[in-house]
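Chemist: Mapped onto our numbering, the consecutive letters of the first sequence carry residue numbers 831 to 1092.
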Amino acid sequence: MLKIATWNVNSLKARKDRLLAFLKRHEPDVLCLQELKLDTAAFPLAEVADAGYQALVHGQKTYNGVAILARVPLEQPRIGWGVDIGDAEDSQARLVSAVVHGIRVLSVYVPNGSEPSSDKYQYKLRWLQHLVHELERHHSAKEPLILCGDLNIAPDDSDVARPDEWRETVLCGTEVRSAFQQLIGWGLHDVFRQHHPDGGVFSWWDYRQLSFPKGNGLRIDHLLATTPLARTSQDARIDRDERKGKLPSDHAPVLADFAWPP
DNA sequence: ATGTCTCAGGGACTGAGA
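Shown next as structure tokens:
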């Protein structure tokens, strides 16, 4: 069984102890991280190695920063986009990928978008189009591949505890849901959805307004796999406990098990 | 009550981003 997980830690400096405890508790084979908020050189490689993991890190201080952790070597590493996309904002560290266990694994942190009327939302929509093109140019849906990360998209109203409160926000707008469907249309399967078809399970709760105790959550963190991998998925879950206790991330980790290799 | 958290600048608090 191969266990793959994704988690937006919202600052690795603030969440390092939680990360090490998470690795010990769940022992994932592959873990994609987002919002490291630190430089590549500041990543705690030695402590992660002591826990039994190698890491491919695309860090950035203050904001962004993504990584992939695995207990085996991370092959064919790719940092950022595979080509120059001609976008002034592509300097943001939001994408990293590698081949692990014969699977192309991508860790992505899609821009939040702030407000629908903002420039940041237009950047989010452009970024999602770049992501679709990246898959089209450099990958095949016939190969085992998994797109993991904080997509900042709740794909369906069943992924939102209070859909009326979130309608036409940057997490639920028709444009971003359409972009999500473009990813699905390329050949990705929503692995978590396969095991929870009715929805009602969430991965993120705003720090503000007591969202977590009130249950005001959304599922915006995803594991999207191509058919060869998705068809081997055995289970998927969200570790809500990671959103509890002292100083949690606002995101909970999403985990899935695969009967891999088939 | 945007009921909070994190980072940076600067050296206490404010603004930005989510």
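C-beta: ideal position from N, C-alpha, C; glycine also.
Just so it is clear, the structure is predicted and the values come from calculations on it, not from any experiment.
Which residues share a DSSP beta bridge with H1025?
Modeler: H1025 is not bridged to any residue.
Chemist: Measure the C-alpha to C-alpha separation of S970 and A1066 and round it to an integer number of angstroms.
Modeler: Computed Cα separation, rounded: 24 Å.
Chemist: Taking the C-alpha atoms as reference points, what is the distance between V1000 and L958?
Modeler: Distance between the alpha carbons of V1000 and L958 is about 13 Å.
Chemist: So the candidates are L1054, H1052, D1028 and V990; which of them puts its Cα closest to the Cα of W1035?
Modeler: Out of L1054, H1052, D1028 and V990, V990 has the C-alpha closest to the C-alpha of W1035.
Chemist: Name the residue from A876, F873, A897 and H931 whose alpha carbon lies nearest to the alpha carbon of M831.
Modeler: Taking only the C-alpha atoms, the option nearest M831 is H931.
Chemist: Give me the residue from D859, A1089, V860 and G1017 with the minimum Cα distance to T1057.
Modeler: Of the candidates D859, A1089, V860 and G1017, the one whose C-alpha sits nearest the C-alpha of T1057 is G1017.
Chemist: Touching or not, the stretch 1074 to 1081 and the stretch 1025 to 1039, by the rule of three or more beta carbon pairs under 8 Å?
Modeler: Segments in contact, yes.
Chemist: Counting Cβ pairs closer than 8 Å, one from the stretch 888 to 899 and one from the stretch 850 to 869, do we hit at least three?
Modeler: They touch, by the three-pair rule.
Chemist: Going by CA-CA distance only, name the one from K846, T1062 and P1043 that's closest to L975.
Modeler: It is T1062 whose Cα lies nearest to the Cα of L975.
Chemist: Could you give the C-beta distance for P858 and A835, rounded to a whole number, given that I count them as a contact under 8 Å?
Modeler: That pair is a contact at about 4 Å.
Chemist: Do Q952 and A923 have their C-beta atoms closer together than 7 Å?
Modeler: No, Cβ-Cβ distance for Q952 and A923 is not below 7 Å.
Chemist: How would you call K1031, buried or exposed, if buried means at least 16 neighbouring beta carbons within 10 angstroms?
Modeler: In the sequence on display, residue 1031 carries Val and not Lys. Buried.
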